[in-house]
């Protein structure tokens, strides 16, 4: 008789955003007249930039003619996209990354969930707390996290690095030595980030103790301050200890288009075994490439027209961030984030729990946010709002919250 | 110090098709004048059907306007596509499958590689021999296959079910009881298939011993004979023992478009735990949906115009299959397949090994095929050609082979 992977049964509740969607759906069915504004899930709302639309149409036409039709893509992605990435995201920042170190994928969620597969099940992970739930959940599914304590809401075999107002939402080097360190800056969910000097300390630490940093830079395009690194490879020594995950979802509005990439430098080796070659093997065996037309859309992100249009799009969302941040502050909320990231992180009022505030906001203002506790125990008492709504909806949501 | 997943190091050589691509690239660089015809990897060559192109353009336009823009897709796929699948592939065949049992994905390769993740590492798999290498390789990576014997080319903890000329390429119920049984009909690589009565025996067996059948029906559109099942759910009792994997790659030319789906009936349970809910959890945590525009392309496959155009496309490839099959027979080869599948399976001449014949064909005829031994030890001495080339190339390749 077959058996299931019972690590799945250890997972408490449903995946955070699936759970929120269900709750909103039920509220909406019970209150069909309510005009709900969603500032919960980090989903973009602005249409794709014209340069990207043009590129998509052109690629679709190519797929309709025998001479230009494309079947299976190269395992690691088309060279036109990988070279645009190297030039646009690395060479331009003085970071030494080559085409052979870029793996194109269908998004950073998949990559951040799958990357743990190339590591031993004995490895111990360290995560910021709060954090994007995919890092921990996928390690739970793999069987790497021990047992769950429903009181502390912690896994016995995970190293938590609290990020709270007390440490300015920047994790400290943990006492216990981890094998894999998940870092995400600008951070989801807190919207905070760290300086290049602070990141350099992490790189030095990882090299010293023999850990790998899995660096999620999905929100890099939202950085507005000068001393904040755009890629971990700006730091000295990152090529021997860091994997970087990048997404097109937030910088180019690709949440429904699906494109991302992972960088694994050839210098990243474990006892002589290249992690780049392990990931190449996984990519070649369990994945079959992003669609040709989508990879062409990705290429357009790096065109001159694309870059200009997307700069405006990011500015649009960051104006929303300002509206949220200033509106909440004027209403007396304690707020952080929103400067180098599209996320605003607020302290719930009146000692409400995160979920109490979720229900309160949904019922009284018909506004959907994300409970901070969904991102980890140290997120309790916090709440995340995103800047990805339309300007009109964002303004309306803040007016409703201010009126409460 | 971190450690890698050393199961990866057990994998012999590279992924089959990556290895072939490398060999062909090297030959091509050394012989730039050679006009190579590729009948190796099962990659389509005909352009997307007009109904699909129209649908893609329309969806691209929707993504360019704020009112119709779509962000994250629903976890399990858009309802418009899932209901088209239920109607077109199941209700039409009297198979009782509902929308909640369909999971849209970016292709059957990913699904067939990922599906093992929801099962215990203690489970023992059974595979046809020869077989699509992804089934075994992904179980190796997970650590489920024991040790590899380089002499027999077998894994110690895998049950092999030989499919050779002796048993008409149909696997027999194994002596040892497996937990997971991978079946693929019409078969890749042999191009053979089994009747509905034969498949019913497998369903009855799986229910009796408590095994799950992972049924890969990627080539279903190529079935031309009446008594061959189009889905395993045509069999009585399949809802309690079978998962079905489907692809748009071969029936609609989507190898570079990337779309597939998995069916897990709600009745498939292990000690009361629904496998449908486990896969939903995996989908929601490690995956983020197929692109909206690609899901619209998938919907067009089921439109009246799409169906008519794709029927012609399948007929085009099956005419190639006939050209290959008859050409090889007239040249004295022993050939099977090519009737209900786009693959032709031939016995190598003069006791050549599969790879010897690969080199011989590449060097002497500049034709690329796939060595049978790449699909498993019982594939040794066989060779696969695919019908997915253009008619002109297929004809030319066969003329070259006949002239040897």
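Chains as they are written, first to last, in the UniProt record's numbering: chain G, 1 to 404; chain Z, 1 to 404. All C-beta atoms, glycine included, are put in the ideal place defined by N, C-alpha and C.
Am I right that residue 279 of chain Z and residue 118 of chain Z are in contact with their C-beta atoms under 8 Å? What's the rounded C-beta distance? Numbered from its first residue, the second chain carries residue 279 of chain Z at position 279. Numbered from its first residue, the second chain carries residue 118 of chain Z at position 118. Between residue 118 of chain Z and residue 279 of chain Z the Cβ distance is about 6 Å, and since that is below 8 Å, they are a contact.
For residue 337 of chain Z, write down the residues that DSSP places opposite it in a beta bridge. As a first step, residue 337 of chain Z must be located in the second chain, where it is residue number 337. Answer is Z:344.
Considering only residues of the same chain and omitting the five flanking positions on each side of residue 11 of chain G, which have a CB-CB separation below 6 Å? Translated into the one-based positions of the first chain, residue 11 of chain G becomes position 11. Only 140 meet the Cβ criterion.
Could you tell me whether the Cβ atoms of residue 7 of chain G and residue 113 of chain G are closer together than 8 Å? Numbered from its first residue, the first chain carries residue 7 of chain G at position 7. Numbered from its first residue, the first chain carries residue 113 of chain G at position 113. No, the Cβ-Cβ distance between residue 7 of chain G and residue 113 of chain G is not below 8 Å.
Under 8 Å between C-beta atoms, does residue 391 of chain Z make it to chain G? Stepping through the second chain from its first residue, residue 391 of chain Z is reached at position 391. No - not a single Cβ of chain G is within 8 Å of the one on residue 391 of chain Z.
Short of 6 Å in beta carbon distance, which residues of its chain neighbour residue 329 of chain Z, apart from the five on each side in sequence? Order them along the chain. By 1-based counting over the second chain, the position of residue 329 of chain Z is 329. Within the same chain, residue 329 of chain Z has close Cβ partners 335.
Among G:128, G:179, G:71 and G:133, whose alpha-carbon lies nearest the alpha-carbon of residue 194 of chain G? Mapped onto the first chain, residue 194 of chain G falls at position 194. Among G:128, G:179, G:71 and G:133, the Cα nearest to that of residue 194 of chain G is on G:128.
Quick check on DSSP: helix, strand or coil for residue 260 of chain G? The residue labelled residue 260 of chain G in the question sits at position 260 within the first chain. Reduced to three states, the DSSP call for residue 260 of chain G is strand.
What does the alpha-carbon distance come out to for the pair residue 406 of chain G and residue 318 of chain Z? What the structure shows of chain G is the stretch from 1 to 404, and residue 406 of chain G is not part of that stretch, so it cannot be assessed.
May I have the straight-line CA-CA distance separating residue 342 of chain G from residue 348 of chain G, to the nearest angstrom? As a working note, residue 342 of chain G is residue 342 in the first chain. As a working note, residue 348 of chain G is residue 348 in the first chain. When rounded, the distance between both Cα atoms is 19 Å.
Which chain G residues are close to residue 63 of chain Z, counting only those with a beta carbon under 8 Å from its beta carbon? By one-based count along the second chain, residue 63 of chain Z stands at place 63. Within 8 Å Cβ-Cβ: 47, 48, 53, 56, 256 and 257.
On the criterion of 16 or more Cβ atoms from any shown chain inside 10 Å, does residue 272 of chain Z qualify as buried, or is it exposed? The residue given as residue 272 of chain Z occupies position 272 in the second chain. Exposed: under 16 other Cβ atoms inside 10 Å.
Have a look at residue 259 of chain G and residue 249 of chain G and give me their C-alpha separation to the nearest angstrom. Within the first chain, numbered from 1, the residue matching residue 259 of chain G stands at position 259. Within the first chain, numbered from 1, the residue matching residue 249 of chain G stands at position 249. If you take the alpha carbons of residue 259 of chain G and residue 249 of chain G, they lie about 7 Å apart.
Whose Cβ in chain G lies nearer than 7 Å to the Cβ of residue 122 of chain Z? As a position in the second chain, residue 122 of chain Z is number 122, starting the count at 1. Those within 7 Å of residue 122 of chain Z in chain G are 3.
Measuring only the C-alpha atoms, how far is residue 324 of chain Z from residue 181 of chain G? Looking up residue 324 of chain Z in the second chain gives position 324. Looking up residue 181 of chain G in the first chain gives position 181. Computed Cα separation, rounded: 54 Å.
What in chain Z is Cβ-close to residue 118 of chain G, meaning under 8 Å? Stepping through the first chain from its first residue, residue 118 of chain G is reached at position 118. Under the 8 Å cutoff, chain Z gives 4, 5 and 8.
Which chain Z residues are close to residue 262 of chain G, counting only those with a beta carbon under 9 Å from its beta carbon? Your numbering for residue 262 of chain G matches position 262 in the first chain. Chain Z residues near residue 262 of chain G: none, gap ~14 Å exceeds 9 Å.
In the structure shown, what three-state DSSP assignment does residue 271 of chain G receive? Working through the first chain from its first residue, we reach residue 271 of chain G at position 271. DSSP places residue 271 of chain G in coil when its eight states are reduced to three.
Please decide whether residue 145 of chain G counts as near chain Z, where near means a Cβ-Cβ distance under 8 Å. Reading the first chain from its first residue, position 145 is the one you call residue 145 of chain G. Taking Cβ atoms only, chain Z never reaches closer than 8 Å to residue 145 of chain G, which makes this a no.
Kindly list, in the order they appear in chain G, the residues whose Cβ is closer than 9 Å to that of residue 273 of chain Z. Position 273 of the second chain holds residue 273 of chain Z. The contacting residues are 4, 6, 8 and 9.
Output yes if chain Z places a C-beta closer than 8 Å to the C-beta of residue 270 of chain G; else output no. One-based indexing of the first chain puts residue 270 of chain G at position 270. True, the Cβ-Cβ gap to chain Z drops below 8 Å.
Does any CB atom of chain G fall closer than 8 Å to the CB of residue 240 of chain Z? In the second chain, the residue the question calls residue 240 of chain Z occupies position 240. For residue 240 of chain Z, the answer is no, since every Cβ of chain G falls outside 8 Å of its Cβ.
For a contact meaning CB atoms closer than 7 Å, what does residue 110 of chain G contact in chain Z? Here residue 110 of chain G corresponds to residue number 110 of the first chain, with the count starting at 1. In chain order: 286, 287 and 288.
By alpha-carbon positions, which one of Z:222, Z:191 and Z:174 ends up nearest to residue 201 of chain Z? As a first step, residue 201 of chain Z must be located in the second chain, where it is residue number 201. Closest option to residue 201 of chain Z, Cα to Cα, is Z:174.
Could you check the C-alpha separation between residue 39 of chain Z and residue 390 of chain Z for me, to the nearest Å? Walking along the second chain from the start, residue 39 of chain Z turns up at place 39. Walking along the second chain from the start, residue 390 of chain Z turns up at place 390. Whole-angstrom Cα-Cα distance: 10 Å.
Do residue 268 of chain G and residue 235 of chain G have their CB atoms nearer than 8 Å? Position 268 of the first chain, counted from the start, is the residue given in the question as residue 268 of chain G. Position 235 of the first chain, counted from the start, is the residue given in the question as residue 235 of chain G. No.
Starting from the Cα of residue 74 of chain G, find the closest Cα among G:393, G:295 and G:373 and give me that residue. Looking up residue 74 of chain G in the first chain gives position 74. Checked all of G:393, G:295 and G:373; the closest Cα to residue 74 of chain G is G:295.
Please say whether residue 125 of chain Z and residue 243 of chain Z have beta carbons closer to each other than 8 Å? Position 243 of the second chain, counted from the start, is the residue given in the question as residue 243 of chain Z. Position 125 of the second chain, counted from the start, is the residue given in the question as residue 125 of chain Z. No, the Cβ-Cβ distance between residue 243 of chain Z and residue 125 of chain Z is not below 8 Å.
CA-to-CA distance, residue 304 of chain G to residue 77 of chain G, given in whole angstroms: In the first chain, counting from the first residue as 1, residue 77 of chain G sits at position 77. In the first chain, counting from the first residue as 1, residue 304 of chain G sits at position 304. Each residue's Cα considered, the two are about 22 Å apart.
Got a sec, what are the start and stop residues for the beta strand (DSSP E) residue 246 of chain Z sits in? Here residue 246 of chain Z is taken as the residue at index 246 of the second chain, counted from 1. Unbroken beta strand (DSSP E) run through residue 246 of chain Z: 242-247.
Closest to residue 99 of chain Z by C-alpha separation, out of Z:262, Z:131, Z:361 and Z:211, would be which residue? Here residue 99 of chain Z corresponds to residue number 99 of the second chain, with the count starting at 1. It is Z:262 whose Cα lies nearest to the Cα of residue 99 of chain Z.
Just to confirm, is the Cβ distance from residue 369 of chain G to residue 381 of chain G under 8 Å? Along the first chain, one-based indexing puts residue 369 of chain G at 369. Along the first chain, one-based indexing puts residue 381 of chain G at 381. Not in contact: residue 369 of chain G and residue 381 of chain G (Cβ atoms no closer than 8 Å).
Comparing alpha-carbon positions, which option in G:239, G:179 and G:25 lies nearest residue 211 of chain G? The residue you call residue 211 of chain G lines up with position 211 of the first chain. For the residues G:239, G:179 and G:25, the minimum Cα distance to residue 211 of chain G belongs to G:179.
What do you get for residue 21 of chain G, buried or exposed, if any count of 16 or more other CB atoms within 10 angstroms of its CB means buried? Within the first chain, the letter at position 21 stands for residue 21 of chain G. It counts as buried.
Minimum Cβ-Cβ distance from residue 291 of chain G to chain Z less than 8 Å: The residue you call residue 291 of chain G lines up with position 291 of the first chain. By this cut-off, residue 291 of chain G is an interface position.
Cutoff 8 Å; reference residue 322 of chain G; Cβ partners in own chain excluding five residues on either side: The residue given as residue 322 of chain G occupies position 322 in the first chain. Excluding sequence neighbours, residue 322 of chain G sits near 338.
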